[in-house]
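Asker:
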Amino acid sequence: MTTAIEAHGLTKRYGKTQALAGIDLEVEEGRVLGVLGPNGAGKTTAVRILATLVRPDTGTARVAGFDVVSQPKQVRERIGLTGQYASVDEDLTGLQNLVMIGQLLDLNRANAIARANELLAEFDLTDAAKRLTKTYSGGMRRRLDLAASLIGRPSVVYLDEPTTGLDPAKRDDVWDMVRALVRQGTTVLLTTQYLEEADALANEITVIDHGRVIAHDTPQGLKRQVGGQTLEVRPSSTQDLTRVRELLVTVGIGEPEQPAPDLLSVSVSGDAALTTLVGALAKEKIAVSELSLRLPSLDEVFYSLTGEKNEEVAA
Amino acid sequence: MIRDSLILARRSVTKMLRNPEQFIDVTLQPIIMTVLFVFIFGGAVAGSTADYLPFVLPGIIVQTIMFTSLTIGVNLNTDIQKGVFDRFRSLPISRSAPLLGAVAGDIVRHTIAIGVTLAFAAIIGFRFGTPWFSVLGAIGLIVLFAVSLCWVSVLIGMLARSAGAVQGLSFLIVFPLTFGSSTFVKADTLPDWLQGWVSINPVTHVIEAMRGLISGTAYMDNPGNLGGEILFVLGACVVLVAVFFPLATWAYRRKI
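Those protein sequence lines, which keep their order, are chains Y and E. Going by this note's numbering, 12 is the number at position 12 of the first sequence; the sequence numbering is gapless. Positions in the second sequence are counted from 1; adding 1000 to them yields this note's numbering.
What follows is the structure, given as structure tokens:
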């Protein structure tokens, strides 16, 4: 396998802010790297460097085999960029946006229109093709933005927080599109604030904070490091709280915390906990209104990786 | 690069057509200025509105063009903030194509502004004092001047932090340039110190050339010098482009 993205010791300073303090990133061809971090961690700066929009102060980066500083044109011919703020032109229709980019990529007008219609269909935007994009919903804009970045059939795609601000259903749509991209062999670098998103899409996760890499692992490995998942149970009747608490301890899951008056939560490491608890609850005939396993939030990830509460996340 | 610029010019024209308020700017403003100055000041300044119109109209056209050429900085600043330029810059196209495209698209805006002003002037009684080719030459010259001047606005658009700041800064520059000229009154009616400024203000020479080309040389301060004034405008265009095009592209490259 060859390396699609390779960055070593990237640093970038904006005035007094050290946006990147020397990060390394590596993505094999056809794989998905999730770059996880809070706002201001340097995710967007890293993407901008890899997309040739910004030059690093020091460090080197190669994308698809080309140096981002000395061979930017070759890099640009091979990448697609989807920004954090959907960068479509609001005063143009969806179709016009895509046709314009197709033409800038040296397609003739007929081919640009054909390619635009193909992508509009693929991203379920055919009905909205002739509407101004300022009338689009947030999810539609993201889809159009993603479509725009794929016109030139790039081999490397950057998705900078592709689901921030989207409701869960729209988020799932974007996830499906990313998976479809990967099936076609595209290399994806995805930045996100959600471990859940990185876990759902990425082969490997790099966690960055204050411009530094603080962890790099597979989703499984990272989850082991940060203490796995949290089991949450909300009994239908608050009178059952004590019984559920005892049950969690007796079946060997662990002593729960009580984050809300009617909710118990306990961190679990194995995969059997949920099944065990369901069995025990059924046997005791205790009704619950909520029972879930969830991954640690970014806040909890940072807490376990650095041992300190990340105030930017908590705030 | 030319093809990319034209594609992007088409984009700015399409955007322009979608936003009628951008046309209110370039169409209503010259009409309002013409009405205001001709009917309010005409009698006082030149004895009658009919005598004032051929004198003031070229000045209003120049003023309109100067204000219009400032919008490009505001538009570019907005585009950059919205991330549209990130997309362009991540494409394998010439780095300056987005700038050249915006400037080329603005030629349409300028032409509309000039056309509207001339048509309105004709309605309220303006008669061209020169042959048609001279008028066409005037339009060509003023559009060329606008395209050269707009690089100043592009530079401000790249340096300022917000679109509002671009607007404010640009007006600060354009007001003394347009009002401190012979746009509205003959230069010899001004106090000496102001005459000194007016005579070195390049806008005065642009207006003089426009008067000679549209209304007739009789309306110029120095009727014999039309050729010299035209050469001056061409020279000013060369200087503006030579200074501000490199600065604007430099600022554009280092922006973000």
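All C-beta atoms in this analysis are idealised placements derived from N, C-alpha and C, irrespective of residue type, glycine included. Here the structure is a predicted model, which is why all the values come from computation and not from measurement.
(1) Quick check on DSSP: helix, strand or coil for Y/Glu161?
(2) Give the list of continuous beta strand (DSSP E) stretches no shorter than 3 residues that lie fully inside the segment 1101-1132 of chain E.
(3) Is any beta-carbon of chain E found at less than 8 Å from that of Y/Thr2?
(4) Under 7 Å Cβ-Cβ, which residues of chain Y neighbour E/Leu1136?
(5) Are the beta-carbon atoms belonging to E/Gly1137 and E/Gly1073 less than 8 Å from one another?
(6) Is there a Cβ of chain E sitting closer than 8 Å to that of Y/Asp67, yes or no?
(7) Work out the CA separation of Y/Thr17 and Y/Ile5 for me, nearest whole Å.
(8) When you check each C-beta in the segment 1012-1028 of chain E against every C-beta of chain Y, which residues fall closer than 7 Å?
(9) Could you spell out the range, first to last residue, of the beta strand (DSSP E) harbouring Y/Pro235?
(10) Show which residues of chain E have a CB atom less than 7 Å away from the CB atom of Y/Met100.
(11) Could you check what DSSP says for Y/Gly254 in three-state terms: helix, strand or coil?
(12) Can you pull the chain Y residues whose beta carbon is under 7 Å from the beta carbon of E/Pro1092, in chain order?
(13) Against Y/Ser297, what residues of chain E qualify as contacts under a CB-to-CB distance less than 9 Å, listed in chain order?
(14) Please give the ranges of any beta strand (DSSP E) in the segment 68-146 of chain Y, keeping only runs that are unbroken, at least 3 residues long and fully inside the region.
(15) Using a beta-carbon distance below 8 Å, is E/Lys1255 in contact with chain Y?
(16) When you compare each of Y/Leu50, Y/Leu20, Y/Ser292 and Y/Ser297 to Y/Gln193 by their alpha carbons, which one comes out closest?
(17) Could you name the residues that DSSP lists as bridge partners for Y/Phe66?
(18) Since E/Leu1169 and E/Ala1163 should fall inside the 8 Å C-beta cutoff, what is the C-beta to C-beta distance between them, to a whole number of angstroms?
(19) Is the Cβ of Y/Ser87 closer than 8 Å to any Cβ of chain E?
(20) Tell me the residue span of the beta strand (DSSP E) that contains E/Arg1095.
(21) Using a C-beta to C-beta distance shorter than 7 Å, which residues of chain Y count as neighbours of E/Val1038?
(22) Which two residues bound the contiguous beta strand (DSSP E) that contains Y/Lys12?
(23) Between which two residues does the beta strand (DSSP E) containing Y/Arg294 stretch?
(24) Could you have a look at E/Arg1161 and say whether DSSP puts it in helix, strand or coil?
(25) Just curious, the beta strand (DSSP E) that Y/Gln18 is in, first and last residue?
(26) Can you confirm whether the segment 1215-1229 of chain E touches the segment 1055-1070 of chain E when touching is taken to mean that 3 or more C-beta pairs between the two stretches lie within less than 8 Å?
(27) Can you give me the C-alpha to C-alpha distance between E/Ala1119 and E/Lys1015, rounded to a whole angstrom?
(28) Mind checking which residues open and close the beta strand (DSSP E) that includes Y/Thr192?
(29) Listing by chain order, which chain E residues have their CB less than 7 Å from the CB of Y/Gln103?
(30) Can you tell me which of the three DSSP states Y/Arg212 falls into?
(31) Report the neighbours of Y/Gly83 on chain E: residues whose CB is nearer than 7 Å to its CB, in chain order.
(32) So, do the segment 222-235 of chain Y and the segment 50-60 of chain Y have three or more beta carbon pairs nearer to each other than 8 Å?
Answerer: In short, the structure shows the following:
(1) If DSSP states are grouped into helix, strand and coil, Y/Glu161 belongs with coil.
(2) Within the segment 1101-1132 of chain E, no complete beta strand (DSSP E) run reaches 3 residues.
(3) Chain E places no beta carbon closer than 8 Å to that of Y/Thr2, leaving this residue out of the contacts.
(4) Listed along the chain, the chain Y residues whose CB falls inside 7 Å of the CB of E/Leu1136 amount to none; the nearest CB is some 32 Å away.
(5) No; because the gap between Cβ atoms is not below 8 Å, this pair is not in contact.
(6) No, Y/Asp67 does not count as interfacial toward chain E.
(7) Straight-line Cα distance between these residues: approximately 25 Å.
(8) For the segment 1012-1028 of chain E, which is checked against every Cβ of chain Y, the residues closer than 7 Å are Thr1014, Lys1015, Arg1018 and Asn1019.
(9) Gln229 to Pro235 is the extent of the beta strand (DSSP E) around Y/Pro235.
(10) Chain E residues near Y/Met100: Ile1007 and Arg1011.
(11) Residue state for Y/Gly254 is assigned as coil, using DSSP reduced to three classes.
(12) Under the 7 Å cutoff, chain Y gives Lys73, Arg76 and Glu77.
(13) Against chain E, a Cβ distance below 9 Å from Y/Ser297 picks out nothing, because the smallest value is about 28 Å.
(14) The DSSP assignment places 79-82 as complete runs of the beta strand (DSSP E) inside the segment 68-146 of chain Y, in order along the chain (cut-off: 3 residues).
(15) E/Lys1255 does not count as touching chain Y.
(16) Cα-wise, what sits closest to Y/Gln193 is Y/Ser297.
(17) According to DSSP, which records beta bridges pairwise, Y/Phe66 is partnered with Y/Val63.
(18) Wrong, their Cβ atoms sit about 11 Å apart, outside the cutoff.
(19) At least one chain E Cβ lies under 8 Å of Y/Ser87.
(20) Element bounds for E/Arg1095: n/a, residue is neither H nor E.
(21) The contacting residues do not exist; E/Val1038 stays about 35 Å from chain Y at best.
(22) Looking at the DSSP string, the run of the beta strand (DSSP E) that includes Y/Lys12 is Thr3 to Tyr14.
(23) Element bounds for Y/Arg294: Val288 to Arg294.
(24) Secondary structure of E/Arg1161 (DSSP, three-state): coil.
(25) Its beta strand (DSSP E) spans residues Thr17 to Glu28.
(26) Output reads yes: the segment 1215-1229 of chain E touches the segment 1055-1070 of chain E.
(27) For E/Ala1119 and E/Lys1015, the distance between alpha carbons rounds to 24 Å.
(28) Taken as a continuous stretch (DSSP letters only), the beta strand (DSSP E) holding Y/Thr192 covers Thr187 to Thr192.
(29) For a Cβ distance threshold of 7 Å, residue set Ile1007 of chain E lies close to Y/Gln103, ordered along the chain.
(30) Note: Y/Arg212 maps to strand in three-state DSSP.
(31) The answer, in chain order, is Gly1083 and Asp1086.
(32) Taking a contact to require three or more Cβ pairs closer than 8 Å, the segment 222-235 of chain Y and the segment 50-60 of chain Y do not qualify as touching.
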